[in-house]
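Visitor:
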Amino acid sequence: MIVINNENNKKIKIGLEIHLQLSTGKLFCKCPDIGSSEIKGKFTRRLFPTENESGDIDIAALQEERKNVLYEYQITDNSCLVEADEEPPHEINADALETALSIAFSLNSDVLSAVSVMRKVVVDGSNTSGFQRTAVVSTGGYIKLKDRKIGLTTICIEEDSARRVESSNDYTIFSLDRLGIPLVEISTSPDIETFQEAVEVAREIGLRAMLTGNIRRDSDAIRQDVNFSMGYGRVEIKGISKLSLISEALVAEENRQKYLAEAIGILLERGGFNATTLVDYTEKIEKSESKIIQKGIASGNRIFAGKLENLGGILKSGDYRIGKEIADALKLFSIGGFIHSDELPGYGISEDEVNRIKKFLKSMENDAIILISIPESKKDIAQDAINKRMEKLSSLNFSETRAANEDGTSRFLRPISGSGRMYPETDIPNIKINKSTLDKLNSVAPKSFDQAILSFTEEWEISKQEAEIILSTGRKNEFIELCKLWGKPREVSRMILQFIPEMERKYRRKLDYNDLRVLVKGIATKNYGRISLEIAIERCISGNDIEQVLSSEDIRPLERNELKVIVERLRASGDIRKENIIAKVKSETSRPVDPKTVMEIYQNS
Amino acid sequence: MDFTRGTKLKITYNGNVMDVTYISKDEDFLTVKLQNGYNITIPENKVNVLDSSEPQNVTKKSIILKHGNGIPISLITTGGTIVSAIDYETGAVHPSTDIRKIVDRYPYMEEKYAISVREFDNILSENMQPEMWIKLSAVLKEELSKSNGVVVSHGTDTMSYTASALAFMFEKLSGPAVMVGSQRSSDRPSSDSFGNMEGAMAFSSTNVGEICISMHSGTSDDSISLHRGTRARKMHSTRRDAFRTVSGKPIAKFKNKNVEFLSEYTERSDKTSLSNKLEKRISMIYFHPGISGQDLEKLSEGKRAIIIMGTGLGHISQTLFPSVKKIVGMGTKVVMTTQCMAGTVNLNVYSTGRELKKIGVVSAENMLPEVALTKTMYLLGNYADEDFESMMKMNMRGEIIEREFLGDCY
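So this is what it looks like as structure tokens:
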């Protein structure tokens, strides 16, 4: 076996791109970032890749394939003509921009005094315009982890893409709800050396951004892309939505590359790969009992056979999975897959049939054979895709863009896109940021998470632990708003960190922040206390209408004379003591009871 | 610091050495492109240039102006661009009239049409002038003699003015003349220009003998409408489906590579006949509360006709009547249209209208105001003064809808 000489550049290098959705409303229109899931209508579009003067063969081939793809878009109530690509972008959302700048300052990045918005061409339908608007707001910067300093390259502000709802071979459905939500993208240098460190860097950056209070709290509001290299080129894994999956994704990728390199080593030792030619084998196998073959023929496909030189036994055996690498490349052209000799006999294809194919293709001991069911028109595309994929893998260059799966693994997405597919957004002039804004943002930007907790603790007189939870879960602004309405920070903190989660668990329902704000405001206006608020919150979480809850008698605290009647009645019935009086009174009524008043009445009368 | 766009620079900025591409300079700020494709804009005084190399001159690619083999179609370009290519090195967008790039997007067109491009001019739609319409009409006539139909690419802002002016000048057409534009520029992958052009080609291979406009039917890319040039109006500043046939149905629809006719149209004639004189001394006045008789008289000075966009059924304030009388008395035609988005002028319903009629104001019926303008230009350019009123009221090119129906769009 050829040993891959990889000593010089074997060192693992990891870089991260962290994307955070902002809760400031959309970036280039006045739509809110939150919408209901109701579909208001739909429309269909095609995207025509713009002629590129330099040109990239792989990407061009992809575009060729996509020429006839129809994209359907679902209109949501948080989208307008801008998302439908029926109106030019409005001015940039100032809150979003300032949030991005605050994050940049707090990460020691050099903030630019002008922002130039670019169009990054994306023709997969995820942007109605065919491009994503994006701009660098700062360059450089770093974060410190214990004794290590991890560098940053750039911080950008950009539009989020449309959410993919459903896709098939020739059409894809997207929702406009996510399109245009501001994203802050923080890219690190490839300074990270271990998987654990990658997780810590992502967490630290996430926490620092949370301090702005403007990060959305949706399940996919924070997404990480990971750049990984171990000597076989750079692989970019996109869209890891959970911190905990970063490490898993990296372990999976390291293993994939390790075994892939080994398998390629075997291939090269055997003499390497020669381009395959697909041969129409339909007539020779049309009598096969294989369902795949029969189904293919019935749908008008042809069955092509091909010999893959020196790939026998490494397409799928043990940890070797070159077959999957080829299948991934075919999937890009909407070709569902193929059958290969490592899995045969199988899929209803007999040993006899396998031997006949081998003989027909003059297959040698080390060779593999494949069968592929596709329309005649796709033969050249399939053949080309297989050959190109093998050529690339044989050169031990594994660089590509992959998409993260939910289980920590990833799948091939496309070749690494060149850096160059960007041109200026001519609808938005350069945005100059004045010095006083920059100075103000810089002076308030927290330079560490601990420092931010400390000052928050002091300002609001809550515990350090409470401050940490509020800040790290991005609830700073909500907390401040509720404190302004309610006036008692400790009660607010207890309410949002303990009482509400408890009730949400009890009733298995979530309380929307906007509803909570209405409740707090309503009860504060009536001058009722904490107990009334808690009853109201519980009523709401258990499913009652918010207006009804607020106008209900049940949340009105018992007044002194009403309490007096109850206390006297209980006293007359006997068996009341200082220890049980409050519980007894409470059991007599469903309305809020102030224990202090009850005790006073009990003791003074 | 002054470089050619595209110059490669090695600079220091904030203590870092960077390789960038020079893009532009605005006051004290430089815009440069980073290697990752982003442009950044930075203060010039913070930048130190260590090295620079001028961009190599790229040889201009040859442009193909004739392509395909099928029904002969002429494409006249007035707005310059039908496709764009982007230089991602500098971010520059290069418009092109290379027809191959359109046909490449629709490979079936190669068999169906033989398209030849005639570059007429390259002006912004808002700079279009009546002199250009006259020149354009001559080119159109020439191209039509060589082909089944003509497609005219045109900016959308004044497209309906051009369309209606041409519609009056051509008394007969030997084939369709279809104007086409786009609301999203062709450098964008989402541009509507390709779909509108595909529709225009299909329409121009039919037997229609009118000047029409081919634009999106709705926001989706699945249907293109063919509007009569004298009834179409740009109803929205940005949407793809901005053009509507006001108070009627479009002539046809292009869907699934198929032309479906929706309403009656004039079929092509054996010959084309053109009367290309236009009277340019016409002005158009939008009535509003507060406008004075003096304003009206000023705008009428030296004009042979004024088109007033009145309120509702065609009214203006009675304080203006003496001025209107004066203007009419000097021999200037006064035509009344309505500033309502649709509907007719009727000077019989209210006394204000009846008085205007008595003064000598000519009703434009339900003609669109901009169409009343081009029709006036045509009539005063080619016919005797005394025929003006009767011809204004005569439906010559489908500009007047004689029966408006409840279901039709406005």
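Chains G and R are the protein sequences, given in the same order.
Under our numbering, the residue at position 437 of the first sequence is numbered 590, and the numbers go up by one with no gaps.
Under our numbering, the residue at position 235 of the second sequence is numbered 322, and the numbers go up by one with no gaps.
We put the CB at the ideal spot given by N, CA and C, even for glycine.
This one's a predicted model, so the numbers in the text were calculated from it and none came from an experiment.
(1) Return the chain-ordered list of same chain residues with a C-beta closer than 6 Å to the C-beta of Ser646 of chain G, the five sequence neighbours on each side being excluded.
(2) Going by Cα to Cα distance, which pick from R:Val448, R:Gly389 and R:Ala429 is closest to Leu407 of chain R?
(3) Look at Asp130 of chain G and Leu336 of chain G and say whether their C-beta atoms are less than 8 Å apart.
(4) For Tyr755 of chain G, report the span of its alpha helix (DSSP H) as first-last.
(5) Which chain R residues are close to Gly283 of chain G, counting only those with a beta carbon under 7 Å from its beta carbon?
(6) Name the two residues that bound the continuous alpha helix (DSSP H) containing Gly476 of chain G.
(7) Are the beta-carbon atoms belonging to Ala195 of chain G and Glu225 of chain G less than 8 Å from one another?
(8) Starting from the C-beta of Thr197 of chain G, find all residues in its chain whose C-beta is less than 6 Å away, skip the five residues before and the five after it, and write them out in chain order.
(9) Can you pull the chain G neighbours of Arg331 of chain R, defined as C-beta to C-beta under 8 Å?
(10) Going along chain R in order, which residues have a C-beta closer than 7 Å to the C-beta of Ser266 of chain G?
(11) Taking 8 Å as the cut-off, does the stretch 367-379 of chain G touch the stretch 624-638 of chain G (at least 3 CB pairs, one atom from each stretch)?
(12) Could you check which residue in G:Lys440, G:Thr579, G:Ile417 and G:Ala538 has the C-alpha nearest to that of Arg567 of chain G?
(13) Closest to Glu114 of chain R by C-alpha separation, out of R:Pro130, R:Ile186, R:Met105 and R:Val107, would be which residue?
(14) Can you pull the DSSP bridge partners for Lys153 of chain R?
(15) Rank G:Lys717, G:Gly727, G:Gln756 and G:Arg730 by C-alpha distance to the C-alpha of Thr107 of chain G and give the top, closest one.
(16) Tell me the residue span of the beta strand (DSSP E) that contains Gln536 of chain G.
(17) Determine the contact status of Ser292 of chain R and Asn345 of chain R, defining contact as a CB-CB distance below 8 Å.
(18) Here's the rule I'm using: 16 or more other beta-carbon atoms within 10 Å means buried, otherwise exposed. How should Asp472 of chain G be labelled?
(19) Consult DSSP for Gly359 of chain G and reduce its assignment to one of helix, strand or coil.
(20) Name the DSSP bridge partner or partners of Gln285 of chain G?
(21) Just checking, does the stretch 532-549 of chain G make contact with the stretch 746-758 of chain G on the three C-beta pairs under 8 Å criterion?
(22) Going by the beta-carbon positions, is the gap between Ile394 of chain R and Thr463 of chain R smaller than 8 Å?
(23) Can Asn433 of chain R and Leu400 of chain R be called in contact, C-beta distance under 8 Å?
(24) Consult DSSP for Met105 of chain R and reduce its assignment to one of helix, strand or coil.
(25) Rounded to a whole number of angstroms, what is the C-alpha to C-alpha distance between Asn482 of chain R and Asp244 of chain R?
(26) Report the start-end ranges of each alpha helix (DSSP H) in the stretch 368-430 of chain G that is 4 residues or longer and not cut off at the edges.
(27) Can you find the residues in the same chain that come closer than 8 Å, C-beta to C-beta, to Asp89 of chain R, ignoring five residues on each side of it along the sequence?
(28) DSSP has Cys299 of chain R in a bridge; who is on the other side?
(29) Per DSSP, what kind of secondary structure is Pro642 of chain G in: helix, strand or coil?
(30) For the 8 Å Cβ check, are there 3 or more pairs between the stretch 405-412 of chain G and the stretch 448-457 of chain G?
(31) Under 8 Å, with one C-beta from each stretch per pair, do the stretch 588-605 of chain G and the stretch 417-432 of chain G reach the 3-pair mark?
(32) Are there 16 or more other CB atoms within 10 angstroms of the CB of Asn156 of chain R, so buried, or fewer, so exposed?
(33) Using the rule of at least 16 other Cβ atoms within 10 Å of the residue's Cβ for burial, across every protein chain shown, is Arg327 of chain R buried or exposed?
(34) What three-state label does DSSP hand Met517 of chain G in the structure shown?
(35) What did DSSP end up calling Arg316 of chain G once you bin it into helix, strand or coil?
(36) Here's a check: name, in chain order, each residue in its chain whose Cβ is nearer than 8 Å to the Cβ of Arg355 of chain R, leaving out the five neighbours to either side.
Guide: Put simply:
(1) Your numbering for residue 646 of chain G matches position 493 in the first sequence. Closer than 6 Å at Cβ, skipping near neighbours: Ile615 and Glu619.
(2) Along the second sequence, one-based indexing puts residue 407 of chain R at 320. For the residues R:Val448, R:Gly389 and R:Ala429, the minimum Cα distance to Leu407 of chain R belongs to R:Val448.
(3) There is no way to answer for residue 130 of chain G, as the model of chain G reaches only from 154 to 758.
(4) Within the first sequence, numbered from 1, the residue matching residue 755 of chain G stands at position 602. That run of the alpha helix (DSSP H) goes Pro748 to Asn757.
(5) As a working note, residue 283 of chain G is residue 130 in the first sequence. Within 7 Å Cβ-Cβ: Arg275, Pro276 and Ser277.
(6) Locating residue 476 of chain G in the first sequence gives position 323, counting from the first residue. Ile475 to Lys484 is the extent of the alpha helix (DSSP H) around Gly476 of chain G.
(7) Within the first sequence, the letter at position 42 stands for residue 195 of chain G. Within the first sequence, the letter at position 72 stands for residue 225 of chain G. Looking at the sequence provided, one finds Lys at residue 195 of chain G rather than Ala. Against a cut-off of 8 Å, the Cβ pair of Glu225 of chain G and Lys195 of chain G comes out as a contact.
(8) Residue mapping note: residue 197 of chain G aligns to position 44 of the first sequence, counting from 1. The answer, listed in chain order, is Leu223 and Glu225.
(9) Looking up residue 331 of chain R in the second sequence gives position 244. By Cβ distance, chain G contributes nothing, its closest Cβ being about 15 Å from Arg331 of chain R, past 8 Å.
(10) Mapped onto the first sequence, residue 266 of chain G falls at position 113. The contacting residues are Pro130.
(11) yes
(12) Along the first sequence, read from residue 1 onward, the residue named residue 567 of chain G stands at position 414. Among G:Lys440, G:Thr579, G:Ile417 and G:Ala538, the Cα nearest to that of Arg567 of chain G is on G:Ala538.
(13) Here residue 114 of chain R is taken as the residue at index 27 of the second sequence, counted from 1. Residue R:Pro130 is the option with its Cα nearest to Glu114 of chain R.
(14) Start at 1 with the first residue of the second sequence, and residue 153 of chain R comes out as number 66. Beta-bridge pairing links Lys153 of chain R to R:Ser203.
(15) Residue 107 of chain G falls outside the range modelled here, since chain G spans only 154 to 758, and no answer is possible.
(16) The residue you call residue 536 of chain G lines up with position 383 of the first sequence. Careful: Gln536 of chain G lies outside any beta strand (DSSP E), inside the alpha helix (DSSP H) at Lys532 to Ser547.
(17) Counted from its first residue, the second sequence places residue 292 of chain R at position 205. Counted from its first residue, the second sequence places residue 345 of chain R at position 258. For Ser292 of chain R and Asn345 of chain R, no; Cβs fall outside 8 Å.
(18) Sequence index remark: in the first sequence, residue 472 of chain G carries index 319 (1-based). Exposed: under 16 other Cβ atoms inside 10 Å.
(19) What you label residue 359 of chain G is simply residue 206 of the first sequence in a count that begins at 1. Helix at Gly359 of chain G.
(20) By 1-based counting over the first sequence, the position of residue 285 of chain G is 132. DSSP, once it has assigned bridges, lists G:Lys273 as partnering Gln285 of chain G.
(21) no
(22) Counted from its first residue, the second sequence places residue 394 of chain R at position 307. Counted from its first residue, the second sequence places residue 463 of chain R at position 376. For Ile394 of chain R and Thr463 of chain R, yes; Cβs fall inside 8 Å.
(23) Position 346 of the second sequence, counted from the start, is the residue given in the question as residue 433 of chain R. Position 313 of the second sequence, counted from the start, is the residue given in the question as residue 400 of chain R. Yes, these two residues count as a Cβ contact at 8 Å.
(24) Taking the first residue of the second sequence as 1, we reach residue 105 of chain R at position 18. Here Met105 of chain R sits in strand by DSSP.
(25) Here the question's residue 482 of chain R lines up with position 395 in the second sequence. Here the question's residue 244 of chain R lines up with position 157 in the second sequence. The straight-line gap from Cα to Cα measures roughly 25 Å.
(26) 396-422
(27) Position 2 of the second sequence holds residue 89 of chain R. Within the same chain, Asp89 of chain R has close Cβ partners Lys112.
(28) Within the second sequence, numbered from 1, the residue matching residue 299 of chain R stands at position 212. In DSSP, Cys299 of chain R forms a bridge with R:Val265 and R:Arg315.
(29) In the first sequence, counting from the first residue as 1, residue 642 of chain G sits at position 489. Helix, per DSSP.
(30) no
(31) no
(32) Taking the first residue of the second sequence as position 1, residue 156 of chain R is located at position 69. It is exposed - the Cβ of Asn156 of chain R has fewer than 16 other Cβ atoms within 10 Å.
(33) One-based indexing of the second sequence puts residue 327 of chain R at position 240. When all chains shown are included, Arg327 of chain R counts as buried.
(34) Taking the first residue of the first sequence as position 1, residue 517 of chain G is located at position 364. Met517 of chain G falls in the coil class under three-state DSSP.
(35) Locating residue 316 of chain G in the first sequence gives position 163, where the first residue counts as 1. If DSSP states are grouped into helix, strand and coil, Arg316 of chain G belongs with the strands.
(36) Here residue 355 of chain R refers to the residue found at position 268 when the second sequence is read from its first residue. These residues qualify, in order along the chain: Leu260, Ser261, Gly262, Pro263, Asn294, Val295 and Gly296.
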